[in-house]
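K.L.:
In the numbering used here, the protein residues as written are 20 to 146. Please read through the structure below; I'll follow up with questions.
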């Protein structure tokens, strides 16, 4: 795949699989590594905020959102699809709206397709 030349910067917000009780983090960590590689292949700069539920995730997310100016924020399925985390998902959406109001919000289906989710919203040359 030929890299896309872009100055786009994306933030991926998700849960830290190594800090979830009852999970084998290795498959998710491997998928995250493949997702990072997809950003690299696409020439898109990506930062990852992998929050721990028991370590004030909102604070970590605000810190990540305010560190750079982002062209898109991808919210991972671990936050979005697990019903007990509905309140956290609402908070994340509103934190993005507050701290990165110009950044579109995208949703992935797995850590591997975060770049694809972001590309749906990035306005890049040739698109």
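All C-beta atoms, glycine included, are put in the ideal place defined by N, C-alpha and C.
Return yes when the Cβ of residue 118 is within less than 8 Å of the Cβ of residue 84, no when it is not.
P.N.:
Residue 84 sits at position 65 when you count from the first residue of the chain shown. Residue 118 sits at position 99 when you count from the first residue of the chain shown. Yes, these two residues count as a Cβ contact at 8 Å.
K.L.:
Is the beta carbon of residue 81 sitting closer than 8 Å to the one on residue 32?
P.N.:
As a working mapping, residue 81 is identified with position 62 in the chain shown. As a working mapping, residue 32 is identified with position 13 in the chain shown. Not in contact: residue 81 and residue 32 (Cβ atoms no closer than 8 Å).
K.L.:
For a test of the three-state rule: what should DSSP assign to residue 139, helix, strand or coil?
P.N.:
The residue labelled residue 139 in the question sits at position 120 within the chain shown. Reduced to three states, the DSSP call for residue 139 is coil.
K.L.:
May I ask you to verify whether the segment 42-50 touches the segment 119-137, counting CB pairs closer than 8 Å and requiring at least 3?
P.N.:
Because the criterion of three Cβ pairs below 8 Å is met, the segment 42-50 and the segment 119-137 touch.
K.L.:
For residue 69, collect the residues of the same chain with a Cβ closer than 6 Å to its Cβ; drop the 5 residues on either side in sequence, then sort them by chain order.
P.N.:
Taking the first residue of the chain shown as 1, we reach residue 69 at position 50. These residues qualify, in order along the chain: 33 and 35.
K.L.:
Where does residue 37 sit, in a helix, a strand or coil, going by DSSP?
P.N.:
Within the chain shown, residue 37 is the residue found at index 18, counting from 1. The answer is helix: DSSP assigns residue 37 an H, G or I state.
K.L.:
Taking DSSP as the reference, what is the three-state secondary structure of residue 72?
P.N.:
Taking the chain shown and counting its residues from 1, one reaches residue 72 at position 53. Reduced to three states, the DSSP call for residue 72 is coil.
K.L.:
Suppose the cutoff is 7 Å on Cβ atoms and the five residues either side in sequence are ignored; what does the same chain contact list for residue 124 look like?
P.N.:
Taking the chain shown and counting its residues from 1, one reaches residue 124 at position 105. So the qualifying residues of the chain are 92, 94, 112 and 115.
K.L.:
Kindly indicate the opening and closing residues of the alpha helix (DSSP H) around residue 98.
P.N.:
Indexing the chain shown from 1 puts residue 98 at position 79. Unbroken alpha helix (DSSP H) run through residue 98: 96-99.
K.L.:
Determine the extent of the beta strand (DSSP E) in which residue 124 is found, giving its start and end residues.
P.N.:
For this step, residue 124 is matched to residue 105 along the chain shown. Residues 124-126.
K.L.:
Can the beta-carbon of residue 9 be found less than 8 Å from the beta-carbon of residue 74?
P.N.:
There is simply no residue 9 to check, as the chain begins at 20 and stops at 146 in what is shown.
K.L.:
Relative to the alpha-carbon of residue 65, which residue among 140, 79, 28 and 43 has its alpha-carbon at the smallest distance?
P.N.:
Sequence index remark: in the chain shown, residue 65 carries index 46 (1-based). The option with the nearest alpha carbon to residue 65 is 28.
K.L.:
What residue range is occupied by the uninterrupted alpha helix (DSSP H) comprising residue 155?
P.N.:
As shown, the chain starts at 20 and ends at 146. That puts residue 155 outside it, with no answer to give.
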